[in-house]
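**Q** Below you'll find the structure I mean.
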Amino acid sequence: MSFKILSKCSHTRARRGQLTTPHGIVNTPIFMPVGTRGTVKTMSPEDLKELGAEIILGNTYHLFLRPGMEIMAKAGGLHEFMNWDRPILTDSGGFQVFSLSNLRKMKKDGVEFASHIDGSKFFLGPRESMQIQRTLGSDIVMAFDECTPYPCSYDDAKKSLEITTRWERISREQELGKGQQLFGIVQGSVYEDLRIKSAEELVKIGFEGYAIGGLSVGEPEEDMYKCIDWVTPVLPEDRPRYVMGVGTPKQLIEGVARGIDMFDCVIPTRLARHGSAYLSDGSTIPVKAGRYADDFTPIDENCNCYTCRNFTKAYIRHLLNVGEILGMRLVTLHNLHFFLNLMKEVRTSLENDTFDQLRQKFV
RNA sequence: GGUGGGAUUCCCGAGCGGCCAAAGGGGGCAGACUGUAAAUCUGCUGCGAUAGCUUCGAUGGUUCGAAUCCAUCUCCCACCA
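If you want it as C-alpha cells, here you go:
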C-alpha cells in the first residue's frame, strides 16, 4: 500500500499521511503547484525545491500539443525533460473538456478537440489520455473525465456523469507504466445522489486514489463543502483524496478538515503574475497598485520568503508596473511560499493535534 | 529671406461647420482571476453628484452654431535661396 496515515485529528476528519511514489514520498495534506506546460510559470526546479514543493502538476492536453509525444518519448518522459526528479501528477485533459468547451465535440469514447493553437483537430479520450500520461511518466495519472460545468441541470449532470464513469472505467483498463498510480475523479455537479453514486462506482472500479472534480467552477463555496462532505464518507479511508482545482487558503483548510489530502490550484501563481500577493491571514493585496509606489516595506513583515527578506513593495510594484519578469517571479515565489508553508503548518498541527486552532485563524 | 506642411484632451494620433468632451492606441487608475487558451481579461480616465461649466497653439473675426472657415501673431517641420 503506497498511502499511509500517520495521525488523525481528534476533532475533524483531517489526517496526516504519506504517499509513496517512484520519485519519492509526498507528505499530506499537500498543496501541489501547477506546471501545466512542463514548468511552474517563472519558477525553476531549484526554486521549487527551495520552496519545499514535493510534487507538481503537468497537463496531458497541453503537453500532447506541444512539444508532442514524439519529443516527450525521446526526452525520456516529463521528469527528464524538465529536470524535476520529485513526483509529478498529470491531469488527464478532463479540465480542458470544460475550459475549452467551445473548441470541442463530445463523442462516446472521448472528445474531438480543435487545437486552441492552430485549430487542427485531434481526438482525446480515456485510451489516448492514458497512453499520453504513460509516455509522460507521471507518478500519479488522472483518469479521463469531463469536468462538469456550473450551473448544470440535474439531467445534464447525470448524463455527464454517466460519460465520465464510462471513461474512467476505460481509463482503469489501460496498461500504465511501472509504479504509476491511477486516480479516479468523482463528478456529479452539486447533486448529492449523483456525487455519492459517482464515488460508489469509482470505489467499485478501484483506484489508487480518489479525486473530487467539478468544483471551484463557479458554484457557491458552501456547495463545494457540501460536495466534499457527501463524498468523503464513501471513499476508502486508506486511499488519498484529492480535491482538484482548489483553492483559496480557507478552502484548503476546510478541505483538510473534511478529510482531503491533496490540492492543486493555479491561484497563487496566476494571482502573482497578475500582481496580487497573499498576506499571512489569507487575504491578498494588489502589490501592483499605485498606492504601493512609495511603500518601502516588504509584502508581509512576518514572511521569511526570499522575496520578503530582500525586496520592498515599492520595488516589486515598480517591476510589475514596467512589465519586468522579475516582478512576476518574486510574487510567485512569495505566494507559493505562503501556500506551501501553510500546508506545512497544517501537517505540523496534525502531528500535534492542534489543527483545530490553526483552522480558527481562517474562518 | 521665400514657398509649402503642421500645432487636438497626460503622450501619440483621428476629426476638418452642428450627431464632439472629441475615434483609436499608449500611459495611468481600479477590479476580476480556483485540475492555466491567462506576463490575461474587464471597467474608468477634462471639472462637476446633476443641471451645467471649461477644452482642440494665441488673439480677434465670420456664423444661429467653430477643433473644423477667415485675419494676424507665436512656435515647429520640409524644401528653395
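Residue numbers (our numbering): 49 to 411. Heads up, the beta-carbon is just placed ideally off N, CA and C, and yes, glycines get one too.
Tell me which residue opens and which closes the beta strand (DSSP E) that Asp312 is part of.
**A** Run containing Asp312: Met310 to Asp312, per the beta strand (DSSP E) assignment.
**Q** Let me check one thing: in DSSP terms, what residues is Ala325 bridge-paired to?
**A** Ile333, per the DSSP bridge assignment.
**Q** With a threshold of 16 other CB atoms inside 10 Å of the CB of Ala341, please say whether the residue is buried or exposed.
**A** Result: exposed.
**Q** Taking the straight line between their C-alpha atoms, what separation do you get for Ser92 and Leu381?
**A** Approximately 10 Å, taken between the alpha carbons.
**Q** List the whole-angstrom C-beta distance separating Gly173 from Val189, where the pair is believed to meet the contact cut-off of C-beta under 8 Å.
**A** Not quite, the Cβ-Cβ distance comes to about 15 Å (not below 8 Å), so this is no contact.
**Q** With three or more beta-carbon pairs closer than 8 Å as the criterion, would you say the stretch 74-83 touches the stretch 297-312?
**A** Output reads yes: the stretch 297-312 touches the stretch 74-83.
**Q** Per DSSP, what kind of secondary structure is Leu367 in: helix, strand or coil?
**A** Looking at Leu367 - three-state DSSP - the assignment turns out to be helix.
**Q** Could you give the DSSP three-state label for Asp401: helix, strand or coil?
**A** Correct three-state label for Asp401: coil.
**Q** Of the choices Ser237, Lys226, His385 and His110, whose alpha-carbon is the least far from that of Asp139?
**A** Per the Cα distances, His110.
**Q** Considering Cα atoms alone, identify which of Ile260, Thr68 and Gly141 is closest to Gly227.
**A** Nearest of Ile260, Thr68 and Gly141 to Gly227, Cα basis: Thr68.
**Q** Using CA coordinates, which residue listed in Leu390, Lys336 and Cys351 is at the minimum distance from Glu372?
**A** Nearest option by C-alpha distance: Lys336.
**Q** Can you check which of these residues, Asp95, Ser237, Asn358 and Pro297, is closest to Glu393 by C-alpha distance?
**A** It is Pro297 whose Cα lies nearest to the Cα of Glu393.
**Q** Please confirm whether Pro288 and Gly65 have their CB atoms less than 8 Å apart.
**A** Yes, the Cβ-Cβ distance between Pro288 and Gly65 is below 8 Å.
**Q** According to the neighbour-count rule (16 or more other Cβ atoms, all chains shown, within 10 Å of its Cβ), is Gln299 buried or exposed?
**A** The residue is buried, with at least 16 neighbouring Cβ atoms inside 10 Å.
**Q** Leaving out five residues on either side along the sequence, give the residues of the same chain with a beta carbon under 6 Å from the beta carbon of Ser219.
**A** Excluding residues within five positions, the ones whose Cβ falls inside 6 Å are Pro174, Met178, Ala191 and Phe192.
**Q** By the three-class DSSP mapping on this structure, what secondary structure does Lys89 have?
**A** It is coil, neither helix nor strand.
**Q** Tell me which same chain residues have a C-beta within less than 6 Å of the C-beta of Tyr326, skipping the five on either side of it?
**A** Excluding positions up to five away in sequence, the list reads Thr332, Asn383 and Phe386.
**Q** Could you tell me how far apart the beta carbons of Val294 and Ser264 are, in whole angstroms, since I believe they sit closer than 8 Å?
**A** Indeed, because the Cβ distance is near 5 Å, the residues count as touching under 8 Å.
**Q** If I measure Cβ to Cβ from Ala362 and keep anything under 8 Å in the same chain, skipping five residues before and after, which residues do I get?
**A** Within the same chain, Ala362 has close Cβ partners Tyr340, Ala341, Asp342, Asp343 and Phe344.
**Q** What does DSSP give as the partner residue(s) for Leu137 in the beta ladder?
**A** According to DSSP, which records beta bridges pairwise, Leu137 is partnered with Leu105 and Ile188.
**Q** Taking the alpha carbon of Met272 as the reference point, which residue from Met292, Val282, Tyr258 and Phe255 has its own alpha carbon closest?
**A** The candidate whose alpha carbon is nearest that of Met272 is Met292.
**Q** Does Asn75 come out as helix, strand or coil in the three-state DSSP assignment?
**A** Looking at Asn75 - three-state DSSP - the assignment turns out to be strand.
**Q** Under a Cβ-count criterion, where at least 16 other Cβ atoms within 10 Å of its own Cβ denotes burial, should Ala121 be classed as buried or exposed?
**A** When all chains shown are included, Ala121 counts as exposed.
**Q** Mind checking who Tyr258 pairs with in its DSSP beta bridge?
**A** Gly232 and Arg289, per the DSSP bridge assignment.
**Q** When the Cα atoms are used, what is the spatial distance from Ser50 to Ser163?
**A** Near 37 Å, if we compare the C-alpha coordinates of Ser163 and Ser50.
**Q** From what residue to what residue does the alpha helix (DSSP H) around Ile53 run?
**A** Unbroken run through Ile53 is the beta strand (DSSP E), Phe51 to Lys56; no alpha helix (DSSP H).
**Q** Pull up the DSSP beta-bridge partners for Glu160, would you.
**A** Note: Glu160 sits in a beta bridge opposite Lys153 and Phe171.
**Q** List the whole-angstrom C-beta distance separating Val88 from Thr317, where the pair is believed to meet the contact cut-off of C-beta under 8 Å.
**A** Indeed, because the Cβ distance is near 6 Å, the residues count as touching under 8 Å.
**Q** Grab the span of the beta strand (DSSP E) containing Thr355 for me, first residue to last.
**A** Premise fails: Thr355 lies in the alpha helix (DSSP H), Tyr354 to Asn358, not in any beta strand (DSSP E).
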